[in-house]
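Participant:
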Amino acid sequence: MNSSIRDISLAPKGQKKIDWVAAHMPVLNSLRREFEKELPFSSKKVVICLHLEAKTAYLAKVIQAGGAEVTVVASNPLSTQDDVVAALVEGGVNAFAWHGATDEEYHRHLHQALDFQPDYIIDDGGDLVSTIHTSRQELLSNVLGGAEETTTGILRLKAMERDGKLGFPMIAVNDALCKYLFDNRYGTGQSVWDGIMRTTNLVVAGKTVVAAGYGWCGKGVSLRAKGLGARVIVCEIDPVKANEAWMDGFEVMPMLQAAPLGDVFITVTGNKDVITQDHFKVMKPGAILCNAGHFDVEINKKHLSELAETKREARPNIEEYQLRDGKKLYLLAEGRLVNLAAGDGHPAEVMDMTFALQALSLQYLALRAQELKPVVYPVPKEIDDKVALLRLESLGLQIDQLTPEQKAYLEAWRE
Ligand code: ADE
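Using the working numbering, you'd call the opening residue of the sequence shown number 25 and step up by one each time.
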């Protein structure tokens, strides 16, 4: 079986979405032209486990243009767009995914994609890597390497490396400058608010927003909340980041203190149980809860269900939980990534840089797979610089260059 998707007749609608983003991804377009000539992935199989929306689809097409047989699988069943997946299948990419897949279907899809015996993988959150290392170990000798998209996935990879369990080289795309400075900060900053606003259709100005986590994603979410006119409270566990949030002009306090003050809560920590029953109990009636971390573990949904007398859909993607004291709390997108489960993910121009890093990391692996060890590698600086330069070029921007004298000055220690 080459694919398992919802409905192939949705392909024309999906293709329009892909065409739109492709027109706004000049860096990937430039790589596509390069790959079409050089065919870096000729006769290789690539399995991609990412959020299956239009920008990801375009990455799959660029890798396919480089000569690979490409298979896609979802990194989250709620972010899959069935029309986009249909367009991919129509275009010769294998796909195993549909929107709203159950846990069992989701895991079956991962296995079906892995049946293609990939040479290279692209992962987002670590589910593909962990499936290979637990239940599909026969593939370990086949996989030459891969690249990981998120902070969460890299944490898991580093834990595997530390325990000597990682079976092939993985490139930490998230840690490249052209990833986290733009995608995590400006991408998450915009797409999270896009998801919240289109889902709730409520005003942000004047509201109190509580952002849990002040990593690069949390910084973007808080910055944009401020720009939209909200009062912003940041909750952090890291004392340095808490100081940074304070000096960026935000209030800083523990979640228990922020809980009765917030109108909108956004978790972006990468950890579990950030908002629990202790917090739900003291929240204001009508508080809105959502998550922008990779897994739906940050808001404790079990606690919320246990406290609730009734639960109903208030609007698409909004669940109303009525607690026993009559108070109503609203959970967006089932506590999954609000920007992808209730939106289309980051803007195309931002994903252009991220996915260019992915494509170039894969090309780097294809050129050097035999030399690399089974550890986590950073994205090489040349790749970061290439993406930054291509992006500047696409914007029509030029920058100064060091003169030979300036270069020598920077390298000298006597002068
Ligand atoms: N679109 C595809 N992958 C994404 C990601 N990891 N974050 C936001 N938007 C995306």
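From the three backbone atoms N, C-alpha and C, an ideal C-beta is built for every residue, glycine too.
To the nearest angstrom, report how far apart Leu361 and Glu58 are at their CA atoms.
Facilitator: Distance between the alpha carbons of Leu361 and Glu58 is about 34 angstroms.
Participant: Are there 16 or more other CB atoms within 10 angstroms of the CB of Asn267, so buried, or fewer, so exposed?
Facilitator: Classification of Asn267: exposed, given that the 10 Å Cβ count is below 16.
Participant: When you measure from the CB of Gly359 to every non-hydrogen atom of the ligand ADE, does any distance come out below 8 angstroms?
Facilitator: No, the beta carbon of Gly359 sits no closer than 8 angstroms to any heavy atom of the ligand ADE.
Participant: Does Thr291 come out as helix, strand or coil in the three-state DSSP assignment?
Facilitator: Strand at Thr291.
Participant: Which class does Glu93 belong to by DSSP, given the choice of helix, strand or coil?
Facilitator: Glu93: strand per DSSP, three-state reduction.
Participant: Please find out if some non-hydrogen atom of the ligand ADE comes closer than 8 angstroms to the beta-carbon of Leu364.
Facilitator: Indeed, a heavy atom of the ligand ADE lies less than 8 angstroms from the Cβ.
Participant: Write down every uninterrupted run of the alpha helix (DSSP H) in the segment 412-439 whose length is 4 residues or greater and which is fully enclosed by it, in chain order.
Facilitator: Within the segment 412-439, the complete alpha helix (DSSP H) runs of at least 4 residues are 428-435.
Participant: Report the partner residues of Thr334 according to the DSSP bridge assignment.
Facilitator: Note: Thr334 sits in a beta bridge opposite Gln346.
Participant: Between Ile87, Leu389, Ser385, Val228, which lies nearest to Asp466 when the distance is taken from Cα to Cα?
Facilitator: In the structure as shown, the chain starts at 25 and stops at 439, and residue 466 therefore has no counterpart that could be examined.
Participant: Note the first and the last residue of the continuous beta strand (DSSP E) segment covering Lys69.
Facilitator: 69-74 is the extent of the beta strand (DSSP E) around Lys69.
Participant: Exposed or buried, His133, counting other C-beta atoms within 10 Å across all chains shown (16 or more means buried)?
Facilitator: Classification for His133: buried.
Participant: I'd like the list of long-range same chain contacts for Leu391, defined as Cβ closer than 8 angstroms, with 5 residues on each side in sequence excluded.
Facilitator: Result list for Leu391: Pro64, in chain order.
Participant: Between the segment 297-306 and the segment 324-339, are three or more C-beta pairs nearer than 8 angstroms?
Facilitator: With a cut-off of 8 angstroms, the segment 324-339 and the segment 297-306 count as touching, because enough Cβ pairs lie within range.
Participant: Taking the beta strand (DSSP E) that Ala441 falls in, what are its first and last residues?
Facilitator: With the chain covering only 25 through 439, there is no way to say anything about residue 441.
Participant: Assign Ile466 to buried or exposed, taking buried as 16 or more other Cβ atoms, counted over all protein chains shown, within 10 Å of its Cβ.
Facilitator: There is simply no residue 466 to check, as the chain begins at 25 and stops at 439 in what is shown.
Participant: Can you tell which of Gly237, Ala111, Gly367, Asp147 has its C-alpha closest to the C-alpha of Glu322?
Facilitator: Checking every option, the nearest Cα to that of Glu322 belongs to Gly237.
Participant: By alpha-carbon positions, which one of Glu275, Gln422, Ala357 ends up nearest to Glu343?
Facilitator: Residue Ala357 is the option with its Cα nearest to Glu343.
Participant: Closest to Leu252 by C-alpha separation, out of His123, Thr175, Ala229, Glu77, would be which residue?
Facilitator: Minimum Cα distance to Leu252 is reached at Ala229.
Participant: Between the alpha carbons of Val256 and Lys265, how many angstroms are there, rounded?
Facilitator: About 15 angstroms.
Participant: Following a CB-centred definition, is Asp207 positioned closer than 8 angstroms to any heavy atom of the ligand ADE?
Facilitator: Yes, the beta carbon of Asp207 sits closer than 8 angstroms to at least one heavy atom of the ligand ADE.
Participant: From Ala183 to Asn324, what distance separates their C-alpha atoms?
Facilitator: For Ala183 and Asn324, the distance between alpha carbons rounds to 24 angstroms.
Participant: Have a look at Gly124 and Tyr354 and give me their C-alpha separation to the nearest angstrom.
Facilitator: So the two alpha carbons sit approximately 20 angstroms from each other.
Participant: Less than 8 angstroms between C-beta atoms, sequence neighbours within five positions excluded: which residues of the same chain meet that for Asn118?
Facilitator: Excluding residues within five positions, the ones whose Cβ falls inside 8 angstroms are Asn26, Ser27, Glu93, Val94, Thr95, Val96, Ala137, Phe140.
Participant: Quick one: what does DSSP say Glu275 is sitting in, helix, strand or coil?
Facilitator: The answer is strand: DSSP assigns Glu275 an E or B state.
Participant: Between which two residues does the beta strand (DSSP E) harbouring Leu441 extend?
Facilitator: The question about residue 441 has no answer, for the chain in this structure spans 25 to 439.
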